Amino acid sequence: MTVKLIDTPIDYHAVTESVRDHRAGAVVLFLGTVREFTNDQQTTALDYDAYPEMANAKMQELIDEARDRWPIIHAVIEHRIGHLELGEVCVAVAVSSPHRKDAFHAGQFLIDELKVRVPIWKKENWIDGQTEWVHPASEKSSSPPPPA
Amino acid sequence: MTVKLIDTPIDYHAVTESVRDHRAGAVVLFLGTVREFTNDQQTTALDYDAYPEMANAKMQELIDEARDRWPIIHAVIEHRIGHLELGEVCVAVAVSSPHRKDAFHAGQFLIDELKVRVPIWKKENWIDGQTEWVHPASEKSSSPPPPA
Amino acid sequence: MNVTVKLFAQARDLAGTSQANLSLNEEQSVKEMLASLIDKYPALSQIQGNLLVAVNNEYVSSESLIPANAEIACFPPVSGG
Amino acid sequence: MNVTVKLFAQARDLAGTSQANLSLNEEQSVKEMLASLIDKYPALSQIQGNLLVAVNNEYVSSESLIPANAEIACFPPVSGG
Chain A
231 MTVKLIDTPI DYHAVTESVR DHRAGAVVLF LGTVREFTND QQTTALDYDA
281 YPEMANAKMQ ELIDEARDRW PIIHAVIEHR IGHLELGEVC VAVAVSSPHR
331 KDAFHAGQFL IDELKVRVPI WKKENWIDGQ TEWVHPASEK SSSPPPPA
Chain B
231 MTVKLIDTPI DYHAVTESVR DHRAGAVVLF LGTVREFTND QQTTALDYDA
281 YPEMANAKMQ ELIDEARDRW PIIHAVIEHR IGHLELGEVC VAVAVSSPHR
331 KDAFHAGQFL IDELKVRVPI WKKENWIDGQ TEWVHPASEK SSSPPPPA
Chain C
315 MNVTVKLFAQ ARDLAGTSQA NLSLNEEQSV KEMLASLIDK YPALSQIQGN
365 LLVAVNNEYV SSESLIPANA EIACFPPVSG G
Chain D
315 MNVTVKLFAQ ARDLAGTSQA NLSLNEEQSV KEMLASLIDK YPALSQIQGN
365 LLVAVNNEYV SSESLIPANA EIACFPPVSG G
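Protein chains in written order, with the numbering used here: chain A, 231 to 378; chain B, 231 to 378; chain C, 315 to 395; chain D, 315 to 395.
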C-alpha cells in the first residue's frame with residue numbers, strides 16, 4: 231500500500247522502513263505534527279475529516295506524478311484522520327531515490343501538493359473551547375486546487 | 231547530544247523522536263543509505279573513516295549555521311563510521327521547525343554541507359574485491375571545502 | 315434527475331447532513347447544482363464562494379455539466395497535512 | 315620545531331602511518347609543511363594536489379603559517395554522507 235488513510239497513530243518507522251532499498255542512497259521522511267501555536271492562537275487538538283475514496287485516489291495520483299518527474303524507488307503517504315492530540319503525527323511522506331536531491335524534491339512536492347489537492351480537512355480545537363475549520367482560501371499561503 | 235559519530239547501527243527512530251516538539255509542525259528526516267550501484271559499478275560494502283574531534287566540531291558548526299538561517303526547533307546529525315553493509319544507514323539528519331519549508335531547507339543544507347565540510351571519508355568495496363577511497367574532487371558533483 | 319451530493323467538513327456541518335439529495339434538470343452545470351444546493355441548505359451561503367465540487371473523484375469547474383450516475387461531492391478548500 | 319601531523323583515509327594509507335612527525339623551521343607555511351610531509355612520505359605525491367590541511371579543527375589555506383603547539387591534520391577531500 232503506497233497511500234493510506236488511518237484512524238490510529240501512524241507508525242512512521244514502518245513507513246520509512248518500507249521505502250528503504252539497496253538501490254537507494256537517500257531516504258527523505260516528512261512528518262506533519264500537531265503544533266501548539268499558530269501565531270498567537272493556542273491549539274489543544276485537531277480533528278481531521280476526509281473524503282476517503284477521492285483522498286486515496288489523489289494521493290496515488292501525486293505519487294504517480296512524482297514518479298514521472300524524479301527517479302523515485304519507493305514513495306509512501308499515510309495521513310491520519312480523526313482526533314489528534316498535540317505533537318501527534320498527522321501525515322507521513324517517505325521517498326527513496328538513488329540520490330538525495332531527488333528524494334528531497336519529491337518529498338517536498340508530495341506534501342506541498344497534498345495540502346492543495348487531497349480532500350482532507352482540519353478542524354482546530356482552540357484552548358478557549360471553540361472549534362474552527364481551517365480554510366486555506368482565507369490564508370495567504372495557499373491557493374485552491376486547480377479546477378482541472 | 232545534537233551531533234554524534236557512532237560505530238554501531240544508527241537508531242534513526244530515536245533520532246527522529248528526539249527532534250519532535252509541540253512547537254513543531256514539521257519534521258524532516260534524511261537518511262543516507264549504502265547504495266548497491268554507482269553508475270555501472272557494484273558496491274558490496276562501505277568503510278567510513280573520520281577525524282572525530284574535527285568532524286564533531288564541524289557538524290555542530292553546521293547546526294549553528296542552520297539555526298542562524300532558519301527557525302529550527304531541534305536538529306540532530308548522526309554519522310556512522312566503520313564497516314557498513316548494503317542498505318545500512320550511514321547518516322541521519324533530523325530537523326524540526328514550526329513550518330515545513332524551513333525544515334526541508336535546513337535538512338537539505340545540513341546534508342549538503344556535511345558532504346563538503348565534515349572530515350569523514352568513504353571507501354568503496356567493489357564486487358571484484360578492489361577497494362577505493364572516494365574522492366569528491368575527482369567527481370563533477372562536489373567542490374572542495376573552503377580554505378577558511 | 316435525482317443526484318446525491320456528498321458533503322464534507324464545514325459544508326457538512328453547515329448543511330447538517332453528509333448527503334444532500336437534489337432534483338436537477340438534465341444538462342445542468344455545476345454552478346446550477348450549487349445554486350440548488352444552497353437553496354435547499356441556506357447556511358451553505360456562508361462559504362458559497364469557496365465551495366469546490368468533485369465528480370467521480372476529480373475537481374470540476376463551475377461550467378462543467380453534471381453527468382448522470384456520477385459520484386458528486388461538495389466541500390470547502392482542503393486543509394490536510 | 316617538531317610537529318605531529320594526523321593523517322586520515324587515503325593519506326594515512328599512502329603514508330603507511332596515522333601520524334607524521336616533522337621537524338619544521340619556525341614561521342613555515344602550510345605549503346612548506348606539505349612539502350616536508352611529501353618529502354618524508356613520497357607516496358603522498360599521488361594526491362598532492364588534493365590534500366587539505368586543518369589546524370585546530372579549521373581548514374587553512376596553503377599560505378597560512380603553521381602555529382606552534384597546534385593540532386595539525388592532513389587529509390584528502392571529504393566524502394562522508
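For every residue, glycine included, the Cβ atom is placed at its ideal position computed from N, Cα and C. As the structure is a computational prediction, the values presented were derived from the model and not from experiment.
With respect to the 8 angstroms criterion, residue 326 of chain A and residue 244 of chain A are not classified as neighbours on the basis of their beta carbons. Residue burial is scored here from C-beta neighbours: residue 239 of chain A has fewer than 16 other C-beta atoms within 10 angstroms and is therefore classed as exposed. Measuring C-alpha to C-alpha distances from residue 295 of chain A to each of A:342, A:272, A:314 and A:246 identifies A:342 as the nearest. Scanning chain A for C-beta atoms nearer than 7 angstroms to the C-beta of residue 371 of chain C yields 283, 284 and 287, reported in chain order. Beta-bridge annotation (DSSP): residue 312 of chain A is paired with A:278. Listed as beta-bridge partners of residue 262 of chain A by DSSP are A:321 and B:256. Residue 311 of chain B is positioned such that its CB atom lies closer than 8 angstroms to that of residue 280 of chain B. Going by DSSP, residue 361 of chain A is part of the beta strand (DSSP E) stretching over 361-363. For residue 326 of chain A, the pairing in a beta bridge is given by DSSP as A:257 and A:304. Against chain B, the CB of residue 272 of chain A has no partner CB under 8 angstroms away; the residue lies outside that interface. Each of B:356, B:266, B:258 and B:345 was checked against the Cα of residue 335 of chain B, and the nearest Cα belongs to B:258.
At least one C-beta of chain B is nearer than 8 angstroms to the C-beta of residue 320 of chain D.
With a threshold of 8 angstroms between beta carbons, residue 257 of chain A makes no contact with chain C. Against chain A, the beta carbon of residue 324 of chain C has neighbours under 8 angstroms at 351, 363 and 365, listed in chain order.
Closer than 7 angstroms at the C-beta level to chain B, one finds these residues of the region 335-348 of chain A: 338 and 341. Within chain D, 322 and 323 have C-beta atoms less than 7 angstroms from the C-beta of residue 279 of chain B, given in sequence order. For residue 357 of chain B, same chain residues with a beta-carbon under 7 angstroms away, outside a window of 5 residues either side, are 272 and 274 in chain order. With contacts defined as CB atoms closer than 8 angstroms, residue 343 of chain C and residue 377 of chain C qualify as a contacting pair. Using a Cβ-Cβ cut-off of 8 angstroms, residue 343 of chain D does not count as an interface residue toward chain B, since no Cβ of chain B sits closer than that to its own. For the pair residue 324 of chain D and residue 285 of chain B, the Cα-to-Cα distance works out to about 17 angstroms. For secondary structure counted as the beta strand (DSSP E) over 3 or more consecutive residues, the region 338-371 of chain C holds these complete runs in sequence order: 366-369. The distance from the Cβ of residue 262 of chain B to that of residue 395 of chain D is about 5 angstroms, consistent with a contact at the 8 angstroms cut-off.
Identification of chain B residues near residue 368 of chain D by a Cβ-Cβ cut-off of 8 angstroms yields 281, 284 and 349, ordered along the chain.
If you ignore the 5 residues before and after residue 236 of chain A, its C-beta comes within less than 8 angstroms of the C-beta of 308, 309, 310 and 311, all in its own chain and listed in chain order. For residue 299 of chain A, none of the residues of chain B pass the 8 angstroms Cβ criterion, the least Cβ distance being about 16 angstroms. Within the region 318-329 of chain B, those residues whose Cβ lies closer than 8 angstroms to any Cβ of chain D are, in chain order, 320 and 321.
A:251 is the residue among A:251, A:364 and A:352 whose C-alpha sits nearest the C-alpha of residue 304 of chain A.
Excluding sequence positions up to five before and after residue 289 of chain B, its CB lies within less than 6 angstroms of the CB of 233, 307 and 348, all in the same chain and listed in chain order.
Look at residue 350 of chain A here: in three-state DSSP terms it is strand. By the neighbour-count criterion, in which a residue is buried when 16 or more other Cβ atoms sit within 10 angstroms of its Cβ, residue 382 of chain C is exposed. As the crow flies, the alpha-carbon of residue 319 of chain D is around 10 angstroms from that of residue 326 of chain D. One finds nothing in chain C with a Cβ atom closer than 7 angstroms to the Cβ of residue 312 of chain A; even the nearest lies about 13 angstroms away.
In this structure, the CA atom of residue 241 of chain B is about 14 angstroms from the CA atom of residue 242 of chain A.
If you ignore the 5 residues before and after residue 351 of chain C, its C-beta comes within less than 7 angstroms of the C-beta of 319, 334, 336, 358 and 388, all in its own chain and listed in chain order. For residue 387 of chain C, the enclosing beta strand (DSSP E) has its first and last residue at 386-389. Beyond the five residues adjoining it in sequence on each side, residue 324 of chain B comes within less than 6 angstroms, by CB distance, of 245, 246, 249, 259 and 306 in the same chain, given in chain order.
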